[in-house]
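Q: Just so it is clear: in the sequence shown, position 161 is 169 by this note's numbering, and no numbers are missing.
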Amino acid sequence: MISPQEIIQVGRTQKPYGIKGEINILFNKGEYAELDSEYYFLMIENIPVPFFIEDFTFTTDVGARVKFEGINDEKDASKYTNLAVYMPREMVIEHEDSGTISWSYFVGYKVIRVDGKLIGEISSVDESTINTLFVLQKEEKEILIPATEDFITAIDERGKIIEMNLPEGLLDE
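1) When you compare the stretch 15 to 32 with the stretch 72 to 86, are there three or more beta-carbon pairs, one atom per stretch, that lie closer than 8 angstroms?
2) Tell me the DSSP secondary structure of G155 in three-state form.
3) Please name the residue in I55, M9, E147, K87 whose C-alpha comes closest to that of T21.
4) With a floor of 3 residues, list each beta strand (DSSP E) that falls wholly inside the stretch 109 to 144, ordered by position along the chain.
5) With DSSP as the reference, identify every bridge partner of G38, one or two as the case may be.
6) Please report the distance separating the alpha-carbon of E150 from that of I16.
7) In the DSSP assignment, what residue or residues form a beta bridge with Y47?
8) Given a threshold of 16 other Cβ atoms within 10 Å of its Cβ, counted over all protein chains shown, does V122 qualify as buried or as exposed?
9) How would you write the range of the beta strand (DSSP E) that K23 sits in, first residue to last?
10) With a 10 Å radius around its C-beta and 16 neighbouring C-beta atoms as the bar for buried, classify R97 as buried or exposed.
11) Expressed to the nearest angstrom, what Euclidean distance is found between the alpha-carbon atoms of D63 and F76?
12) Whole angstroms are fine: how far does the CA of L34 sit from the CA of N54?
13) Straight-line CA distance for T140 to E46?
14) According to the Cβ coordinates, are V93 and G19 closer than 8 angstroms?
15) What are the complete alpha helix (DSSP H) segments, minimum 4 residues, inside the stretch 74 to 100?
So this is what it looks like as structure tokens:
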């Protein structure tokens with residue numbers, strides 16, 4: 009079984025398309041849609057479950073219509089709407105453009121302040137707005153902070169920790 013640290017979110021499922029079990033996927037970046045993969049992982053009850061691709065059709069530069077094996081009608085497809093879509097981390101990192109690392113690479117990293125206090129763990133990255141955000145989880149709370157190099161003071165890849173110097177008032181504490 010693959011662990012959540014070995015995968016990276018590349019998009020979200022949308023509504024079903026037609027009556028044959030196809031599902032629309034909106035990718036975080038156009039490059040993710042272009043990666044050649046035989047399967048995607050969908051997060052179901054916090055478990056990454058592989059779904060093998062039977063057919064794939066581009067609909068936009070960041071959208072596609074996907075037919076997964078075993079999903080054969082609209083009723084089945086409707087069970088898989090609004091789910092996070094993942095790919096193996098090494099597959100995505102291998103193909104990143106211009107040698108830069110995607111913010112999604114840091115999913116699973118802990119974020120701490122410069123004083124060492126834990127802010128939370130990055131559960132996903134929201135690239136739907138002009139400012140990319142880290143979505144952090146701490147206990148049952150969701151925390152949003154800007155994903156910007158300006159606030160990052162250190163990255164410990166071995167320990168999977170990002171140290172950030174955040175402006176006063178950014179966190180409600």
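We put the CB at the ideal spot given by N, CA and C, even for glycine.
A: Per the coordinate set shown:
1) Yes, they touch.
2) Rather than Gly, the amino acid found at residue 155 in this sequence is Ala. Correct three-state label for A155: coil.
3) K87
4) Complete beta strand (DSSP E) runs here, min 3: 118 to 121, 126 to 134.
5) G38 is not bridged to any residue.
6) 19 angstroms
7) F60
8) Under this definition V122 is an exposed residue.
9) 15 to 25
10) buried
11) 7 angstroms
12) N54 and L34 have their C-alpha atoms roughly 20 angstroms apart.
13) Their backbone Cα atoms lie some 28 angstroms apart in a straight line.
14) yes
15) 82 to 86
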